[in-house]
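Same order as they appear, the protein sequences are chains A and B.
So the first sequence is numbered by the UniProt record's numbering: it starts at 1 and just counts up by one.
So the second sequence is numbered by the UniProt record's numbering: it starts at 1 and just counts up by one.
Using N, Cα and C, we set each Cβ at its ideal position, and we do this for glycine too.
There are 2 protein chains.
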Amino acid sequence: MNAATKFARLGTDNAPGQEARLGEANGAWLRGEPLPGRPVDFSHGDVDAHPPTPGSFEAFSAGVAAGGAQAYTEYRGSAAIREILAERLAAFTGAAVDARDGLILTPGTQGALFLSIGATVSAGDKVAIVQPDYFANRKLVEFLEAELIPVRMDYAGVASGAGLDLTQLEEAFRAGAKVFLFSNPNNPAGVVYSPAEIAGIAELAGRYGATVIVDQLYSRLLYPGVTYTHLRATMPDNVVTIMGPSKTESLSGYRLGVAFGDPAIVERMEKLQAIVSLRAPGYSQAVLRTWFDEPAGWMADRIKAHQAIRDDLIAGFRGIEGCVVRPADAGSYVFPRLPKLAIPPQDFVTALRTQAGVTVTPGSEFSPHATDSIRLNFSQDHAASVAAVERIAALVERYRA
Amino acid sequence: MNAATKFARLGTDNAPGQEARLGEANGAWLRGEPLPGRPVDFSHGDVDAHPPTPGSFEAFSAGVAAGGAQAYTEYRGSAAIREILAERLAAFTGAAVDARDGLILTPGTQGALFLSIGATVSAGDKVAIVQPDYFANRKLVEFLEAELIPVRMDYAGVASGAGLDLTQLEEAFRAGAKVFLFSNPNNPAGVVYSPAEIAGIAELAGRYGATVIVDQLYSRLLYPGVTYTHLRATMPDNVVTIMGPSKTESLSGYRLGVAFGDPAIVERMEKLQAIVSLRAPGYSQAVLRTWFDEPAGWMADRIKAHQAIRDDLIAGFRGIEGCVVRPADAGSYVFPRLPKLAIPPQDFVTALRTQAGVTVTPGSEFSPHATDSIRLNFSQDHAASVAAVERIAALVERYRA
């Protein structure tokens with residue numbers, strides 16, 4: 001396949017944050033007048049409403065003051081910072097982290113995701129991917145000219161856990177998938193895999209000799225009453241865990257992520273990082289010194305603030321007749337399935353943006369079977385996001401089939 | 001090819017900056033005692049000796065203060081910053097730059113290089129690459145499972161220009177290479193392509209419909225008397241130019257690069273960036289506001305300081321009998337070819353590190369035909385680097401064949 005053909009499949013027009021590149025809607029099919037209200041961009045979190053961890057800028061400044069030693073680190077990141085993080089990540093996940101050989105710092109969690117897949121998947125390989133899941137997973141597999149085997153997750157059909165179809169996962173392994181990639185908590189649905197589901201994944205991957213890449217980006221923003229199970233504490237080998245301080249901690253402007261686990265895979269990831277971006281930003285790496293070391297009570301307050309927004313938005317969506325929605329177990333996503341509309345889903349997303357000042361990500365980015373859903377990142381101003389969901393409800397009625 | 005096999009070829013053990021991961025030399029074959037002196041790491045520039053552009057940290061701080069608007073930009077980078085840069089890059093290169101569609105900000109110049117190759121080369125494609133040239137060029141082609149066609153450059157055999165073999169370049173195009181990738185000034189040799197060479201590249205690429213990616217990372221650090229020709233001013237289509245403020249401007253700790261040119265290729269690069277790292281660091285992007293807007297006289301002083309170091313190091317290498325060296329036309333690399341030694345080149349590099357406190361990059365990273373050369377980045381403390389070259393000369397005598 002030539003490069004032009006390959007890239008024609010990798011659409012990013014509807015990717016979160018790229019709305020600025022979309023033209024204005026041709027108004028002919030729009031119904032009624034625009035709805036007034038403060039615009040809300042639910043495509044990503046609002047780091048002005050939920051500001052970065054205290055001390056992060058000071059840590060960056062100290063990195064600049066350190067000069068060349070912080071600007072130029074090993075490709076896998078500063079050894080001193082890896083030492084600090086390895087201990088904290090081990091405590092958080094319940095299994096040892098090898099600071100020298102089993103941990104790499106990356107440009108954003110996206111960087112960690114690319115490197116882990118790029119280091120384990122080649123052209124023609126089969127990769128098991130959950131549907132729905134983070135939109136880049138599928139695109140990464142396509143860029144590498146590998147083959148995707150979808151595994152269903154019926155998050156709306158279960159009251160707890162993710163609703164992963166373990167039978168389909170086994171079929172994927174039996175069909176030759178050597179890598180399984182999933183996010184936990186799930187992006188976009190916000191659900192957390194149950195202990196039994198994690199045990200099932202570990203058992204199957206072990207039996208079929210598969211590598212598992214688990215994206216735990218939102219695993220710190222856990223709501224009360226939810227049990228979170230770290231795969232790496234259950235499955236010692238062939239696992240790469242991905243995290244980063246971009247979301248809960250609002251440090252996205254520094255572009256930082258980490259991946260940790262199997263040293264053989266981390267070594268390949270560093271080789272790939274060497275030719276893709278060399279290293280995570282030198283000075284920014286210093287900001288990781290603040291990670292898992294937030295002021296007392298800070299994380300609890302952040303979780304409480306997000307829980308309150310979540311509950312109000314869920315109530316808003318439940319007020320829409322025929323809308324199916326499940327509260328997030330963790331993280332800041334909500335993924336409501338809308339009732340049947342008279343216009344195509346993509347047009348409704350356009351109507352939301354042009355008529356309601358509300359930017360959401362279409363469900364088709366996450367699964368071909370989720371075109372009737374929309375994803376909202378509710379890490380936003382509380383009042384503005386509640387009002388925005390009221391406008392979504394109003395537009396659903398306007399365009400209802 | 002499976003991922004493990006593919007990565008076995010992508011060695012980074014001898015890549016610049018990775019020396020910390022090499023073990024200590026087994027001393028049995030080492031001759032004589034260590035030489036005293038301040039250690040110098042010539043594998044990359046010393047940003048403490050040549051500090052970042054004035055105002056860069058203040059620009060970063062303003063980016064943090066701007067909050068979400070600077071943290072989250074389009075994947076191709078902030079539109080406002082692209083507007084500013086497009087004008088300055090057009091003035092520098094002598095051809096218009098399309099701020100909206102023809103320019104992308106990347107995590108380091110390495111990011112721009114990966115994206116431009118990843119966006120134009122697929123598995124099985126043929127890519128023409130200069131020998132010697134930047135070590136990552138070859139590795140990128142290998143990662144993409146494409147085929148490398150080498151094109152010779154006899155920089156030591158000519159007094160000016162790069163000594164590119166245009167006949168071999170035409171043969172590469174005739175053999176099916178659809179992409180030609182080269183650095184100008186050349187890394188590692190520091191030579192600048194002559195106007196006739198650039199015209200020849202443009203003519204051949206045009207005739208064979210090839211895309212050209214030109215890495216101009218060091219093109220601002222130009223020594224007096226050298227004419228620099230921008231390919232993009234000669235060849236309007238199918239060219240991507242790569243630059244960044246990491247070197248001359250010592251802004252490497254912020255990890256910033258840019259690529260500009262053909263909008264169709266830039267669009268693909270953005271799609272790839274979306275899945276590789278999302279975007280260049282949000283806050284760091286703000287530092288680009290200082291680029292090409294340095295205080296009056298600052299760039300002239302920086303060039304003068306580097307010219308003085310260059311001249312002293314060249315004199316040092318010319319004092320070694322049998323050493324072949326050509327002064328850089330631009331940039332901060334020197335690539336001396338050493339006389340015949342009694343130990344393998346890789347062992348001599350190890351001896352330099354362990355016995356002389358001098359870190360250099362082996363020539364084999366840049367070309368299989370340059371194993372007898374070493375690369376030094378002379379953006380260093382002046383006195384320390386002169387003393388380090390004296391120690392190199394002493395070790396050459398100690399290990400001379």
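Point to revise | Residues near R220(B) by beta carbon distance below 6 Å, same chain, minus five either side | key: Setting aside the 5 residues that flank it on each side, R220(B) is surrounded in the same chain by T248, each with a C-beta closer than 6 Å to its C-beta; the list follows chain order.
**Study point:** Other residues of its chain near R398(A): CB distance less than 7 Å, five sequence neighbours each side excluded
**Key:** Only R31, G32 meet the Cβ criterion.
Practice item. Buried or exposed for S160(A), please, with buried defined as at least 16 other CB atoms from any protein chain shown within 10 angstroms of its CB. Key: Burial call: exposed.
Check your understanding: Do three or more CB pairs link the region 373-390 of chain A to the region 300-312 of chain A at distances below 8 Å?
Key -> Three or more beta-carbon pairs drawn from the region 373-390 of chain A and the region 300-312 of chain A are found closer than 8 Å, and the two stretches are therefore classed as touching.
**Study point:** Secondary structure of D301(A), DSSP reduced to three states
**Key:** Of the three classes helix, strand and coil, the one that applies to D301(A) here is helix, per DSSP.
Review point. What residues in the region 36-69 of chain A bring their beta carbon closer than 7 Å to a beta carbon of chain B?
Key: So the close ones are H44, D46, V47, D48, F57, V64, G67, G68.
Review point. What is the DSSP secondary structure of M235(B), counted as helix, strand or coil?
Key: Of the three classes helix, strand and coil, the one that applies to M235(B) here is coil, per DSSP.
Exercise for review: Using a cut-off of 7 Å between C-beta atoms, extract the partners of V214(B) located in chain A.
Suggested key: At a beta-carbon threshold of 7 Å, none of the residues of chain A lie near V214(B); the nearest stands roughly 18 Å away.
Check your understanding: Start and end of the alpha helix (DSSP H) containing S116(B)?
Key -> S116(B) -> alpha helix (DSSP H) spans 108-118.
**Study point:** Cβ neighbour criterion (16 or more within 10 Å) applied to P107(A)
**Key:** Classification for P107(A): buried.
Check your understanding: To the nearest angstrom, how far is it from the Cα of G4(B) to the Cα of A80(A)?
Key -> Gly is not the amino acid found at residue 4(B); the sequence shown has Ala there. A4(B) and A80(A): Cα-Cα distance of roughly 29 Å.
Exercise for review: Classify T337(B) as helix, strand or coil using the three-state DSSP reduction.
Suggested key: One detail in the question is off: residue 337(B) reads as Arg in this sequence, not Thr. In this structure, DSSP gives R337(B) an extended state, which the three-state scheme calls strand.
**Study point:** Candidates P362(A), D347(A), E267(A), of which the one nearest G102(A) by Cα
**Key:** Among P362(A), D347(A), E267(A), the Cα nearest to that of G102(A) belongs to E267(A).
Check your understanding: Would S379(A) pass as a contact of D46(A) if the rule is Cβ separation under 9 Å?
Key -> Yes; because the gap between Cβ atoms is below 9 Å, this pair is in contact.
Review point. In or out: K340(A) buried (at least 16 other Cβ within 10 Å) or exposed?
Key: Flag for K340(A) reads exposed.
Exercise for review: Quick one: grab the DSSP three-state call for M269(A).
Suggested key: Correct three-state label for M269(A): helix.
Review point. So, are the CB atoms of P54(B) and P245(B) less than 9 Å apart?
Key: Taking 9 Å as the Cβ cut-off, P54(B) and P245(B) do not qualify as a contacting pair.
Review point. How about I149(B): is its C-beta nearer than 9 Å to some C-beta of chain A?
Key: Not one chain A Cβ lies under 9 Å of I149(B).
**Study point:** Sheet register partners of R152(A) (DSSP bridge)
**Key:** Beta-bridge analysis with DSSP links R152(A) to Q131(A).
**Study point:** Cut-off 8 Å between Cβ atoms - residues of its own chain near L35(B), not counting five sequence neighbours on either side
**Key:** Here the set comprises Q355, A356, G357, R391, A394, L395.
Review point. How many angstroms separate the CA atom of E197(B) from the CA atom of A119(B)?
Key: Between E197(B) and A119(B), the C-alpha separation is close to 26 Å.
Review point. If we count the other Cβ atoms within 10 Å of its Cβ and call it buried at 16 or more, is P344(B) buried or exposed?
Key: When all chains shown are included, P344(B) counts as exposed.
Check your understanding: Is the CB of D125(A) under 9 Å away from at least one CB in chain B?
Key -> Yes, contact with chain B.
**Study point:** Boundaries (first-last residue) of the beta strand (DSSP E) holding F260(B)
**Key:** For F260(B), the enclosing beta strand (DSSP E) starts and ends at 257-261.
Point to revise | Beta-carbon contacts of Y218(A) that lie in its chain and below 6 Å, excluding the five residues immediately before and after | key: These residues qualify, in order along the chain: P185, K247, A330, G331.
Review point. Does the region 270-288 of chain B touch the region 67-85 of chain B, meaning 3 or more C-beta pairs lie closer than 8 Å?
Key: Yes: the two stretches touch, three or more of their Cβ pairs being nearer than 8 Å.
Check your understanding: Which stretch, first to last residue, makes up the beta strand (DSSP E) that contains V212(B)?
Key -> In this chain, the beta strand (DSSP E) harbouring V212(B) covers 211-215.
Practice item. With S183(B) as the anchor, note down where its beta strand (DSSP E) starts and where it stops. Key: Start and end: 179-183.
**Study point:** C-beta contact flag for I275(A) and F180(B) at 9 Å
**Key:** Contact: no.
Check your understanding: Taking Cβ positions only, does K6(B) come closer than 9 Å to chain A?
Key -> Answer yes: the Cβ-Cβ gap between K6(B) and chain A drops below 9 Å somewhere.
Practice item. Decide if the region 194-208 of chain A is in contact with the region 227-236 of chain A; the criterion is three or more beta carbon pairs, one per stretch, under 8 Å apart. Key: Judged by Cβ distances under 8 Å, the region 194-208 of chain A makes contact with the region 227-236 of chain A, as three or more pairs qualify.
**Study point:** Cβ-based contacts, 7 Å cut-off: residues of the region 250-261 of chain B near chain A
**Key:** Flagged, chain order: S252, G253, Y254, R255.
Exercise for review: Quickly, what does DSSP pair E33(A) with across the bridge? List them, please.
Suggested key: Bridge pairing for E33(A): absent [DSSP].
**Study point:** Proximity test, Cβ basis, 9 Å: P245(A) and chain B
**Key:** Cβ-Cβ to chain B under 9 Å: no for P245(A).
Point to revise | I320(B), enclosing beta strand (DSSP E) - first and last residue | key: For I320(B), there is no enclosing beta strand (DSSP E), as DSSP marks it with neither H nor E.
Practice item. Please work out which residues of its chain come closer than 6 Å, Cβ to Cβ, to R9(B), disregarding the five sequence neighbours upstream and downstream, and give them in chain order. Key: The residues E142, in chain order, have a CB closer than 6 Å to that of R9(B) in the same chain once the five nearest residues on each side in sequence are set aside.
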